[in-house]
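Remarks on the structure that follows.
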Amino acid sequence: MNSKLSYDSFNARYLSYQEVADSFIENDYFENLQKNNHSLLMGARGCGKTTLLKMLTPASLHHWDSKHKTSKLSALPFIGVYIPTDIHWKKQLEQLKDDFENNIVEYISKGSVTINILVSLVKTFSMLLKTYPYTTEEERIADEIEICKLLIEVWDLKKPVVPNLDYIELHLLSIIKIANGDLKKIKIVKTHNFVFNDLLFQDFFDLVRVGCLAFEKKCTKFSTKRWALCFDELEIAPEWLQFKLLEYLRSRDQNIIFKLTTAPIISLIRAIQLDANKVEATENNDFAVIKIWTSNQKEFKSWANFCHKILQSRMSRKFRTAVDASEIFGKSDLERVIIQSVGAGKNDEKKNFQRDTPTWKITRQLAVVDSTFSSFLRKKEIDPQNPEPKNGTHRDQIFRKMKPLVVYRFQFRKGNQTQLRARKVIPLFYGIPLIYEMSDGNPRIFIDMIDRMMEVAQSANGQYRELTINEQSRIAMEASEKFRLVMCSHPDANITIRDSNVNLVDIIEKIGDYFHSRMVNDNFTLDPPGAFRVDEDINNKYVELLQLGLYLGAIVYLDSTEIIAPKGIIGKKFRLSYILSPYYGLLSREYKEVQLSLILNKGVAPVTSQQNLFKQ
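Rendered as structure tokens:
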């Protein structure tokens, strides 16, 4: 496996706003995100949600406008306040529960989040003042001083506080520092005789609202715009914050909107347990959903357009000239691998499937090595020795539909090789648009994969050549193996059942091997299993692992009808991400669904010995 494929090489969370703007490529998702409404931006880790949110900030848009001579910042109907969710908010809450009473835990957790939100708001105020074209620096400083005086007053910050936005930010952060220190003292001396700052006990929404009003009072030039609180990675936030934000999607203040990013399904299982499941906001009525994954052709079209822009940009940078992608990658039509497999000449589209064409030859050869396929043809009144369609309807309804399965199955059946765990590179993962499909809504995966392919395609003199389908398929396998490794090594990817360790990859492997076995070893059918539904009999710990798999992008949500789900992923339909297709030897296509319990119960490889897959 090539070590140069690294899916953690790009994470917008740790990039400056200027760096985000420099690497940004416009797309349909960003166009929808700029609309003046509440939005849920949903997708797996690495799909670009953070980049999109950061591009809504004054600093990013100002840098973009300066570089591209545009006016996106002034045209945006709101001011974006980027608020990164910190995993430590959730961990802090869990740790406090072990040491303190529930009321203290609740207030400190909420207070910590409130302070961080105010810090993000102050940073945004600073961005606005720095990007606004003041006549003189003295004028800008005067505005900042007046704004700070108002903030000190409306937030009731304990004086003395220097009327400077940087100092107010430091003052806010010191409140958390002092509170954490007091908590340690309480734990040691076993006394609660400490007075926490009043800000820790106030609702963040009210503080944000008065803070924005204070800013607008002095800077009236910004009073025509709304404020967008852009919360990143909602899925790692404490449960109370998740549901508070969902409630706010029926906003109490028309001057404030919310842009939230999260995994493809928001689970309300914990909300039901906490009796806090009354989320009244509904899709389309109260908020818009922007999905960054490909569960249908419309979504794939948007994704393919985005991939095309990324590819053109990176090819131009790599080869320092305009390049037609087809000159390097070619098309992902099946004719290329068919011709390579049977050693025949080109297929004539008008004569496709007719006698002695490459497609006819591979169909005939599969019938020789696969008796179940031969039986299938006979049932359809097709001669296995001369598999020609009778007419146009026959060709369209049977031959065209079975063609990808014939090519796929032939790769594993030729020479009677049907060994399940032969993780060999099969020449099926090449060309455009298949390399777009494989990355499955994840630009990080796509960029790493095409960069590696372009590296191989680059000749000694800096020019380029066309990659073979074997070369592309090999790099696709490397990308697949790398993604599997990243998934396996996630800190939350392990659970314990009956003293046995189970990793997320163990479950994915059961699913992948099951589908591969059904597609290769079972009797030939036009609709083999290729998707699964999570039924209610699945052990809760397995459900938690699969929710992590959804967050990481290992599985893809196909129903897409219920975004905020009372039962989370239970009852929902999924498939494996296409980036895993090379490793598990699967077609990048959606086929019929089966219950997950069937896969786990009858899978071809055990997860671990003596494991209970189902609820006790």
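Each residue of the sequence shown is one higher than the one before, counting from 1 in our numbering. For every residue, glycine included, the Cβ atom is placed at its ideal position computed from N, Cα and C.
Checklist line | Cβ pair residue 225, residue 78 closer than 8 Å | finding: As a first step, residue 225 must be located in the sequence shown, where it is residue number 225. As a first step, residue 78 must be located in the sequence shown, where it is residue number 78. Taking 8 Å as the Cβ cut-off, residue 225 and residue 78 qualify as a contacting pair.
Next item on the list: May I ask you to report which of helix, strand or coil DSSP gives residue 502?
Entry: As a working mapping, residue 502 is identified with position 502 in the sequence shown. The answer is strand: DSSP assigns residue 502 an E or B state.
Notebook entry, point to check: Can you give, in chain order, each stretch of the alpha helix (DSSP H) that sits fully within the stretch 456-541 and has at least 4 residues?
Noted result: 469-488, 504-520
Checklist line | Closest by C-alpha distance to residue 280, when choosing among 155, 310, 243 | finding: Along the sequence shown, read from residue 1 onward, the residue named residue 280 stands at position 280. Ranking 155, 310, 243 by Cα distance to residue 280 puts 243 first.
Margin query: By the three-class DSSP mapping on this structure, what secondary structure does residue 81 have?
Written below: Here the question's residue 81 lines up with position 81 in the sequence shown. Strand at residue 81.
Notebook entry, point to check: Among the residues of its own chain, which have a CB less than 6 Å from the CB of residue 9, if the five just before and after it don't count?
Noted result: Working through the sequence shown from its first residue, we reach residue 9 at position 9. Confidence is the limiting factor: at residue 9 the pLDDT is only 44, short of 50, which leaves the residue's position unreliable, though a coordinate-based value still follows. So the list is empty, once near-sequence residues are dropped.
Margin query: Assuming contact is defined by CB atoms lying nearer than 8 Å, are residue 241 and residue 113 in contact in what I supplied?
Written below: Position 241 of the sequence shown, counted from the first residue, corresponds to residue 241. Position 113 of the sequence shown, counted from the first residue, corresponds to residue 113. Yes, these two residues count as a Cβ contact at 8 Å.
Check: Under three-state DSSP, which class holds residue 7?
Finding: Working through the sequence shown from its first residue, we reach residue 7 at position 7. The pLDDT assigned to residue 7 is 42, lower than 50, so where the model puts this residue is not dependable; a value taken from the coordinates is nonetheless given after this. It is coil, neither helix nor strand.
Check: If you draw a straight line from the alpha carbon of residue 150 to that of residue 81, how long is it in whole angstroms?
Finding: Residue numbering aside, residue 150 sits at position 150 when the sequence shown is read from its first letter. Residue numbering aside, residue 81 sits at position 81 when the sequence shown is read from its first letter. Distance from the CA of residue 150 to the CA of residue 81, rounded to the nearest whole angstrom, comes to 19 Å.
Next item on the list: Taking all protein chains shown into account, decide if residue 197 is buried (16 or more other Cβ within 10 angstroms of its Cβ) or exposed.
Entry: Translated into the one-based positions of the sequence shown, residue 197 becomes position 197. Buried, because 16 or more other Cβ atoms sit within 10 Å of the Cβ of residue 197.
Next item on the list: Can you give me the start and stop residues for the beta strand (DSSP E) that residue 557 sits inside?
Entry: In the sequence shown, the residue the question calls residue 557 occupies position 557. Run containing residue 557: 555-557, per the beta strand (DSSP E) assignment.
Check: Which word fits residue 539, buried or exposed, when buried means at least 16 other C-beta atoms lie within 10 angstroms of its C-beta?
Finding: Indexing the sequence shown from 1 puts residue 539 at position 539. Residue 539 should be labelled buried.
Checklist line | Of the residues 480, 108, 431, the one placed nearest residue 334, counting alpha carbons only | finding: Taking the sequence shown and counting its residues from 1, the one referred to as residue 334 is at position 334. Of 480, 108, 431, the residue nearest in Cα terms is 431.
Item checked: Cut-off 6 Å between Cβ atoms - residues of its own chain near residue 24, not counting five sequence neighbours on either side -> For the purposes of this step, residue 24 is taken as residue 24 along the sequence shown, with counting starting at 1. Once the five neighbours on either side are set aside, the close Cβ partners of residue 24 are 55.
Next item on the list: Go ahead and label residue 195 buried or exposed: buried means 16 or more other beta carbons lie within 10 angstroms of its beta carbon, across all protein chains shown.
Entry: As a position in the sequence shown, residue 195 is number 195, starting the count at 1. The residue is exposed, with fewer than 16 neighbouring Cβ atoms inside 10 Å.
Next item on the list: Determine the contact status of residue 265 and residue 568, defining contact as a CB-CB distance below 8 Å.
Entry: Taking the sequence shown and counting its residues from 1, one reaches residue 265 at position 265. Taking the sequence shown and counting its residues from 1, one reaches residue 568 at position 568. For residue 265 and residue 568, yes; Cβs fall inside 8 Å.
Item checked: Bounding residues of the alpha helix (DSSP H) (the contiguous stretch that carries residue 44) -> Counted from its first residue, the sequence shown places residue 44 at position 44. Counting along the chain, residue 44 falls outside any alpha helix (DSSP H), and DSSP gives it neither H nor E.
Checklist line | Residue burial classification, residue 660 (beta-carbon count within 10 angstroms, cutoff 16) | finding: An answer regarding residue 660 cannot be provided, because it is not within the stretch 1 to 616 covered by the chain.
Next item on the list: Return the chain-ordered list of same chain residues with a C-beta closer than 6 Å to the C-beta of residue 524, the five sequence neighbours on each side being excluded.
Entry: The residue given as residue 524 occupies position 524 in the sequence shown. 372, 373, 376.
Notebook entry, point to check: Which of helix, strand or coil does DSSP assign to residue 230?
Noted result: As a working note, residue 230 is residue 230 in the sequence shown. Of the three classes helix, strand and coil, the one that applies to residue 230 here is strand, per DSSP.
Item checked: Reduced DSSP secondary structure (H/G/I, E/B, other) of residue 285 -> If you number the sequence shown from 1, residue 285 lands on position 285. Three-state result, residue 285: coil.
Notebook entry, point to check: How many angstroms separate the CA atom of residue 673 from the CA atom of residue 365?
Noted result: Because the chain here runs from 1 to 616, residue 673 falls outside it and cannot be looked at.
Checklist line | residue 446 and residue 230 closer than 8 Å at C-beta | finding: Locating residue 446 in the sequence shown gives position 446, counting from the first residue. Locating residue 230 in the sequence shown gives position 230, counting from the first residue. No; because the gap between Cβ atoms is not below 8 Å, this pair is not in contact.
Next item on the list: Please name the residue, chosen from 575, 399, 501, that lies closest to residue 526 on a Cα-to-Cα basis.
Entry: On the sequence shown, position 526 is the one that residue 526 refers to. Of the listed residues, the one whose Cα sits closest to residue 526 is 399.
Next item on the list: Would you mind listing the alpha helix (DSSP H) stretches within the stretch 542-584 that are 4+ residues and don't spill past its ends, in chain order?
Entry: 581-584
Next item on the list: Evaluate residue 575 with the Cβ neighbour count: other Cβ atoms within 10 Å of its Cβ, from every protein chain shown; 16 or more gives buried, anything less gives exposed.
Entry: What you label residue 575 is simply residue 575 of the sequence shown in a count that begins at 1. Buried: at least 16 other Cβ atoms inside 10 Å.
Check: In whole angstroms, what separates the C-alpha of residue 500 from that of residue 168?
Finding: Position 500 of the sequence shown holds residue 500. Position 168 of the sequence shown holds residue 168. Looking at the two C-alpha atoms, the distance is approximately 51 Å.
Margin query: Across the stretch 33-45 and the stretch 246-265, are there enough close Cβ pairs to call them in contact, namely three or more that are closer than 8 Å?
Written below: yes
Check: Counting only runs that start and end within the stretch 333-411, where is the beta strand (DSSP E) found for 3 or more residues in a row?
Finding: none
Check: Between which two residues does the alpha helix (DSSP H) harbouring residue 299 extend?
Finding: Mapped onto the sequence shown, residue 299 falls at position 299. Counting along the chain, the alpha helix (DSSP H) containing residue 299 begins and ends at 297-319.
Check: Do you know how far the Cα of residue 529 is from the Cα of residue 272?
Finding: The count along the sequence shown starts at 1 and reaches residue 272 at position 272. The count along the sequence shown starts at 1 and reaches residue 529 at position 529. Annotation note: pLDDT 47 at residue 272 (below 50); position unreliable, no value reported.
Check: Around the C-beta of residue 129, are 16 or more other C-beta atoms found within 10 angstroms, so that it is buried, or is it exposed?
Finding: As a first step, residue 129 is located in the sequence shown; it is residue number 129 there, counting from the start. Residue 129 is buried by the Cβ-count criterion.
Notebook entry, point to check: Can you find a CB in chain D that lies within less than 8 Å of the CB of residue 141?
Noted result: The question asks about chain D, but that chain is absent: this structure has only one protein chain.
Notebook entry, point to check: Helix, strand or coil: which one does DSSP assign to residue 260?
Noted result: Taking the first residue of the sequence shown as 1, we reach residue 260 at position 260. DSSP places residue 260 in strand when its eight states are reduced to three.
Note to self: Let me confirm a value: residue 620 is counted as buried when at least 16 other C-beta atoms fall within 10 Å, else exposed. Which label applies?
What the structure shows: The shown model of the chain, from 1 to 616, leaves out residue 620, and the question about it has no answer.
Check: Between residue 459 and the rest of its own chain, which residues show a CB-CB distance below 7 Å, the 5 nearest in sequence each way excluded?
Finding: For the purposes of this step, residue 459 is taken as residue 459 along the sequence shown, with counting starting at 1. The residues are 465.
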